[in-house]
Amino acid sequence: MTHIFTVTLPDIGEGVVEGEVIEWLKKIDEELKQDEPVVIVMTDKATVELPAPYPGKLAKMYIQPGQIAIKGKALYDIEVAENVATHKNLTREKTAPSAPAPLKKAPLKDPLPCAAKKALAVPAMRKIAHELGIDLNQMPATGSHGQVTHEDIKQYLSQESAPKALLPTLALVDDKVEPLLGIRQAMAQKMALSKQMIPHFSYFEQVEATRLIKLRSKIKFEAAKENIQVTFMPFFIKALSLTLKQYPLFNSSLDLASNSIRIHQAHHIGIAMSTKLGLIVAVLRDVDQMSLTEVIRSYEALKERAAHHKLSPHDMKDSTITISNFGVLGGGGLWATPIINYPEVGILALSKIQKQPTAKNGAVEIRDFLNLSWSFDHRIIDGDMAATFSHYYATLIRNPAPLL
2 MTHIFTVTLP DIGEGVVEGE VIEWLKKIDE ELKQDEPVVI VMTDKATVEL
52 PAPYPGKLAK MYIQPGQIAI KGKALYDIEV AENVATHKNL TREKTAPSAP
102 APLKKAPLKD PLPCAAKKAL AVPAMRKIAH ELGIDLNQMP ATGSHGQVTH
152 EDIKQYLSQE SAPKALLPTL ALVDDKVEPL LGIRQAMAQK MALSKQMIPH
202 FSYFEQVEAT RLIKLRSKIK FEAAKENIQV TFMPFFIKAL SLTLKQYPLF
252 NSSLDLASNS IRIHQAHHIG IAMSTKLGLI VAVLRDVDQM SLTEVIRSYE
302 ALKERAAHHK LSPHDMKDST ITISNFGVLG GGGLWATPII NYPEVGILAL
352 SKIQKQPTAK NGAVEIRDFL NLSWSFDHRI IDGDMAATFS HYYATLIRNP
402 APLL
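Going by our numbering, the letters in the sequence shown line up with residues 2 to 405, in that order.
Structure (structure tokens):
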């Protein structure tokens, strides 16, 4: 005799209330081992594999790839044997609810009334509200499940009685419509918030990278003996950490709630990575405590987890400054104006290292150059500070011996 039990989306942590189903790792009627991954779910924090709570057989999927699973709502049915049900104290079968329809975002003009209970919001929104000194419990929520969204906060700040009219959207018959979900949705909200909240200014500098290339080649040769890949990124990361040690104000964030600047002691460096699921910022933690060799190993491990959608929420939070290497994407892009990863005060975008002529001792030589594109929060960082900071960083790229 067997029993059917319904498995719901568990509490993934950090206030996550929903997640997009990315892939089912098992098929209907396929055997499941306890703690064996069954489904991959992407939240606004990370992509996680959810394991089977007990052994059995996959009986039904309630949510298809691309649809949204809600915390506490049915995700799938598992068929378990009588002895398993008895051993696990699973004495009562659960009636599975019908599969939810694809979600539709509630219109802004019909906000849900404020409830007496604690407002529903993802951690990013709670953090923003805290920094702005806003009480989420006093704010109308327009999210599809009653959660406070970035638009709600933006409207609240505007102090207008009616929401702003949405920009017209061109809609053609043959258009393909893709919902903005999971990591893509979180990134879109965060970038929009950054441009709204932070007065950006940019600073550009070009630096010769000839000695850096030689140093990387030497280390790459030694690392190959241990089958370790060595890219330029660890050198860029280490140089950024050393620069932050000299100028700690750049490793800070503005706390509007207390009208103060919070200078972070740890160097948790965010690294923009392009994945199949969209742009993410993975975090290499405590870089200030690492040697160059440790940075190389830790970065490769982080990149590997990102490539296989194995990043945990811990891998994607608490960054204090971000670096983006758009040069690895190919092409000949020279400069960029990157958007700051809110609530940080700075971001660095790096071009591809390219050869170009330069004057040396009265003669023209071909050398390797790297372009640095910075964006800073002008509420905290002034132009002269940015120039000094960038110059110090460029010096470490030009003469990279201190990185060792």
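Virtual Cβ for every residue (Gly too), placed ideally from N, Cα, C.
Neighbour-count burial assignment, residue i, 16 or more Cβ in a 10 Å radius
i: PRO339; result: buried
i: ILE367; result: exposed
i: PRO401; result: buried
i: THR143; result: buried
i: SER99; result: With a pLDDT of 37 at SER99, under the threshold of 50, the modelled position of that residue is not reliable, and no figure is offered here.
i: HIS392; result: exposed
i: ILE69; result: buried
i: PRO358; result: exposed
i: ALA225; result: exposed
i: SER352; result: buried
i: SER195; result: buried
i: MET43; result: buried
Closest residue to residue i among the options (Cα-Cα distance)
i: ILE264; options: THR321, ASN342, ASP45; result: THR321
i: ALA210; options: THR396, VAL22, GLN148; result: THR396
i: TYR248; options: MET2, GLN35, THR9, THR389; result: THR389
i: THR7; options: LYS27, GLY73, ILE398; result: GLY73
i: SER299; options: ALA283, HIS310, HIS309; result: ALA283
i: LYS277; options: THR48, GLY333, ASP378; result: THR48
i: GLY57; options: THR9, TYR77, GLU32; result: GLU32
i: ARG212; options: GLU19, ARG399, GLN156, MET386; result: ARG399
i: LEU285; options: LYS304, GLY14, ASN84; result: LYS304
i: GLN148; options: LYS318, TYR157, ALA122; result: ALA122
i: ILE184; options: GLY20, PRO38, ASP383; result: GLY20
i: LEU133; options: PRO141, GLN139, ALA120, ILE154; result: ILE154
i: GLN190; options: TRP336, ALA240, MET126; result: MET126
i: PRO344; options: ARG380, GLU223, ALA53; result: ARG380
i: HIS131; options: ILE382, ASP256, LEU245, GLN139; result: ASP256
Beta-ladder partner(s) of residue i, from DSSP
i: GLU50; result: ILE41
i: ILE272; result: ALA283, ILE324
i: LEU373; result: GLU206, LEU351
i: TRP336; result: Its beta-bridge partners do not exist; DSSP assigns none.
i: VAL8; result: TYR77
i: GLN148; result: LEU121
Euclidean distance between Cα positions of residue i and residue j
i: LEU404; j: ARG217; result: 11 Å
i: SER259; j: ALA273; result: 29 Å
i: GLN197; j: SER242; result: 28 Å
i: ASP316; j: VAL174; result: 41 Å
i: ILE262; j: SER254; result: 6 Å
i: ILE281; j: MET188; result: 7 Å
i: SER374; j: ASP289; result: 22 Å
i: GLN230; j: LYS221; result: 7 Å
i: LYS311; j: ASP78; result: 25 Å
i: PRO406; j: LEU349; result: This structure does not reach residue 406, given that the chain is present from 2 up to 405, and the question cannot be answered.
i: HIS84; j: LYS27; result: It should be pointed out that residue 84 corresponds to Asn in this sequence rather than to His. Their Cα atoms are separated by approximately 23 Å.
i: HIS268; j: SER292; result: 13 Å
i: ASP136; j: VAL17; result: 19 Å
i: ILE41; j: ALA60; result: 17 Å
DSSP state of residue i mapped onto helix, strand, coil
i: ASN84; result: helix
i: MET62; result: strand
i: TYR248; result: coil
i: CYS115; result: Here CYS115 scores only 40 on pLDDT, less than 50, and its place in the model should not be relied on; the value that follows carries that caveat. Three-state result, CYS115: coil.
i: GLY20; result: strand
i: LYS27; result: coil
i: LYS196; result: helix
i: ILE71; result: strand
i: LYS177; result: coil
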